[in-house]
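According to our numbering, the sequence shown holds residues 407 to 644 in order. Note that the Cβ used here is the ideal one computed from N, Cα and C, for glycine as well. Predicted model, so just to flag it, every value in this text is computed and none were measured. Everything below concerns the one structure shown next.
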Amino acid sequence: MRGNILLIEDDASISEMVSDYLQKEGYHITLAESGTAALERFREGAYDLVLLDLMLPGISGLELLQQFRSTSRVPILILSAKDGEVDKALGLRFGADDYIAKPFSLLELAARVEASIRRATQYAADATAVRESEGGETEALVVGELHVDPPNFSVKKRGEELKLTAKEFNILKLFVQHPTRVYTKAMLYELVWGDSYYGDENVINVHMRRLREKIEDDPSNPRYIKTLWGIGYKLGEQ
């Protein structure tokens, strides 16, 4: 089995189509047709990825997203006919890892699912390897008032734990581990998302804004991640 996926979709035809295709690709699929059912399935099982529709009866997709993110860093891929920039930004802002609009190609969906699970699995393996090689202890990277602990996926500011999503954490980790390097948006996308960059700046912009809101005292005047206009980003506080 290639992974355990929770598919949250109220349209039976789409649910059946996606489920059948991904099962043929080797995934185990658990279905939920409403927000309430999705919460129950999520609490009952352990999943490698969540496919989440935004338009659901009862509890909305965005509400579910926030609840999932309060307790889990499982990769979440939004499937929705709502393709407006506001909806896309809201989904990413509340912790989704990726967004694919209906109608979509099943081939593209399968590729994104595979990439998301692969990245999450690799991050977990890297963390385990570091813990084992260092006897379970590692020194945090300190940048200003931030303490970044890569093996434990932990960030603290003035001693207080910050709740970052996996994408936010890995963006920050890139900067603190390579403090002199400048990253373009294409580089960030390819390194953090593990996929080719097709010029969708909104994805990078939303994640960067959300990260700054969590780590900066004044997100509009960032201290830790500086923007180099027309070029990209680099670590500011060193």
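Q.
Using a Cβ-based criterion (distance less than 6 angstroms to any ligand heavy atom), does Thr586 qualify as near the ligand ATP?
A. This structure simply doesn't include the ligand ATP, nor any ligand for that matter.
Q.
I'd like to check one pair, Leu457 with Leu483: are the Cβ atoms closer than 7 angstroms?
A. yes
Q. Buried or exposed: where does Ser476 fall if 16 or more other Cβ atoms within 10 Å of its Cβ makes it buried?
A. exposed
Q. What are the boundary residues of the beta strand (DSSP E) that Asp454 is part of?
A. From DSSP, Asp454 is part of no beta strand (DSSP E); its letter is neither H nor E.
Q) Looking at Leu412 and Thr436, is the spacing between their C-beta atoms short of 7 angstroms? A) yes
Q | Under the three-state DSSP convention, the category Ala438 falls into | A | strand
(Q) If you follow the alpha helix (DSSP H) that Pro426 is in, where does it begin and where does it stop? (A) Looking at the sequence itself, residue 426 is Asp, so the reference to Pro does not match. First-last of the alpha helix (DSSP H) with Asp426: 418-430.
Q. How far does the alpha helix (DSSP H) with Ile476 in it reach, from first residue to last?
A. Contrary to the premise, residue 476 reads as Ser rather than Ile in this sequence. Taken as a continuous stretch (DSSP letters only), the alpha helix (DSSP H) holding Ser476 covers 467-477.
Q.
Only counting the same chain, and skipping five residues up and downstream in sequence, which positions put a Cβ closer than 6 angstroms to that of Lys563?
A. Glu551, Leu552
**Q.** Neighbourhood of Thr590 by C-beta, 6 angstroms cutoff - its chain only, sequence neighbours within 5 removed
**A.** Gly638
Q | Three-state class that DSSP yields for Ser522 in the structure shown | A | helix
Q | Nearest neighbour of Gly565, chosen from Ala452, Val548, Arg525 [CA to CA] | A | Val548
(Q) For Gly409, count the other beta carbons within 10 Å of its own beta carbon; 16 or more makes it buried, fewer makes it exposed. Which is it? (A) buried
(Q) Taking its Cβ as the centre, do 16 or more other Cβ atoms sit within 10 Å of Trp599, making it buried, or is it exposed? (A) buried
Q: Starting from the C-beta of Pro628, find all residues in its chain whose C-beta is less than 7 angstroms away, skip the five residues before and the five after it, and write them out in chain order.
A: Arg618, Glu622, Gly642
(Q) One question on the structure: do Lys640 and Val588 come within less than 7 angstroms of each other, judged by their Cβ atoms? (A) yes
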